[in-house]
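The structure appears right after this line, and notes come after that.
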Amino acid sequence: MRKRKVTYLLFALAALLLLGSTVGSTRAALTYYSENYIAKITVDQIGVSLLENGEIVSSRDYAEDGWRIRSNKGDGSVNGALLTNMLGENEKLALNKKYDEKLTVKNSGTIDEYVRVRIYRYWMKDGKKVTVLSPDLIDLNLVNTGRWIKNPNETAECMELFYKGILRSGKETEAFADTIRVDGKVAAEAKVETNGSAITTTYKYDGVEFHVDVEVDAVQTHNAQDAIKSAWGVDASDLGIL
Numbered sequence: 005m006r007k008r009k010v011t012y013l014l015f016a017l018a019a020l021l022l023l024g025s026t027v028g029s030t031r032a033a034l035t036y037y038s039e040n041y042i043a044k045i046t047v048d049q050i051g052v053s054l055l056e057n058g059e060i061v062s063s064r065d066y067a068e069d070g071w072r073i074r075s076n077k078g079d080g081s082v083n084g085a086l087l088t089n090m091l092g093e094n095e096k097l098a099l100n101k102k103y104d105e106k107l108t109v110k111n112s113g114t115i116d117e118y119v120r121v122r123i124y125r126y127w128m129k130d131g132k133k134v135t136v137l138s139p140d141l142i143d144l145n146l147v148n149t150g151r152w153i154k155n156p157n158e159t160a161e162c163m164e165l166f167y168k169g170i171l172r173s174g175k176e177t178e179a180f181a182d183t184i185r186v187d188g189k190v191a192a193e194a195k196v197e198t199n200g201s202a203i204t205t206t207y208k209y210d211g212v213e214f215h216v217d218v219e220v221d222a223v224q225t226h227n228a229q230d231a232i233k234s235a236w237g238v239d240a241s242d243l244g245i246l
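To convert, take the position in the sequence shown, counting from 1, and add 4; that gives this note's numbering.
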């Protein structure tokens, strides 16, 4: 995302007119000039917001020579929180159950833009990543794949999606995901130990948490090919997103 600056331009217009005439030994001169003035130029601003099931999770907009950041945490933090309303009161997570998770992007700025989304899926336990469980067991169902173009060089943990075409100011994209579920195969990830007649089964997902992080950013449409290459490191023409 390219930072825009409000520019102050100093316009100084000065003209000097000398009119001379000879009246005997007297010489007359007339000088005039314009007053200097400062003009404040309003620059259109870029902005982007992530929405979950119709509600803003986080928003980052450039305005008044600075970034305005909002999130659903309401504490001024940069990052919002996903999946906070996935479960009902006293409801426990059920394997293989699909939960509503409609994710969209809105252009909350005043200029048109191109949009990218990066999705991270991983498991955590005691503050550390659990690598024995596959990110693919966190099934975020992607939709509108004709409009959201996947980066073919993505990794298992990070999916990268590019919105095809320009996202106009004030407009919202089609959803790039609509449901999420934890694959029941996670229950098959277990360690079985035998001690005499006692058999102990330890499930690898015991005590772990699944995480889904979504990053959204945007670039301006001016010189889009070069801007996308510089910001995202991809060739927009090859991906077919322009």
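We put the CB at the ideal spot given by N, CA and C, even for glycine. The structure displayed is predicted, hence computed values, not measured ones.
For residue i, which residues does DSSP report across the bridge?
| i | result |
| --- | --- |
| residue 153 | 166 |
| residue 110 | 53 and 176 |
| residue 226 | Residue 226 pairs with nothing; no bridge assigned. |
| residue 117 | 171 and 224 |
| residue 236 | Paired residues: none, contrary to the question. |
| residue 143 | 185 |
| residue 128 | 133 and 213 |
| residue 123 | 163 and 218 |
| residue 104 | 183 |
What's the C-alpha gap between residue i and residue j?
| i | j | result |
| --- | --- | --- |
| residue 97 | residue 63 | 28 Å |
| residue 148 | residue 85 | 24 Å |
| residue 122 | residue 161 | 10 Å |
| residue 132 | residue 155 | 27 Å |
| residue 81 | residue 217 | 15 Å |
| residue 136 | residue 188 | 15 Å |
| residue 171 | residue 212 | 38 Å |
| residue 54 | residue 79 | 17 Å |
| residue 220 | residue 118 | 11 Å |
| residue 158 | residue 235 | 17 Å |
| residue 70 | residue 128 | 35 Å |
| residue 140 | residue 115 | 36 Å |
| residue 209 | residue 231 | 42 Å |
| residue 246 | residue 191 | 43 Å |
| residue 87 | residue 214 | 11 Å |
Near residue i, which residues of its chain fall below 7 Å by C-beta distance, leaving aside the five closest residues on each side in sequence?
| i | result |
| --- | --- |
| residue 239 | 233 |
| residue 243 | 153 and 166 |
| residue 226 | none |
| residue 103 | 90, 183, 184 and 185 |
| residue 83 | 62 and 75 |
Taking 8 Å as the limit between beta carbons, can you name the residues of its chain near residue i, skipping five residues before and five after?
| i | result |
| --- | --- |
| residue 113 | 48, 49, 50, 51, 52, 65, 66, 173 and 222 |
| residue 237 | none |
| residue 179 | 106, 107, 108, 147 and 148 |
| residue 271 | Residue 271 lies beyond the residue range present for the chain, which begins at 5 and ends at 246; the question has no answer from this structure. |
| residue 100 | 185, 186, 187 and 188 |
For residue i, collect the residues of the same chain with a Cβ closer than 6 Å to its Cβ; drop the 5 residues on either side in sequence, then sort them by chain order.
| i | result |
| --- | --- |
| residue 143 | 185 and 187 |
| residue 163 | 123 |
| residue 151 | 168 and 178 |
| residue 72 | 65 |
| residue 176 | 108 and 110 |
| residue 125 | 139, 142 and 216 |
Checklist entry - Do the region 100-114 and the region 53-60 meet, that is, are 3 or more Cβ pairs less than 8 Å apart? => result yes
Next on the checklist: Runs of 3 residues minimum, wholly inside the region 57-83: which ones carry the beta strand (DSSP E) assignment?
Outcome noted: 59-67 and 70-75
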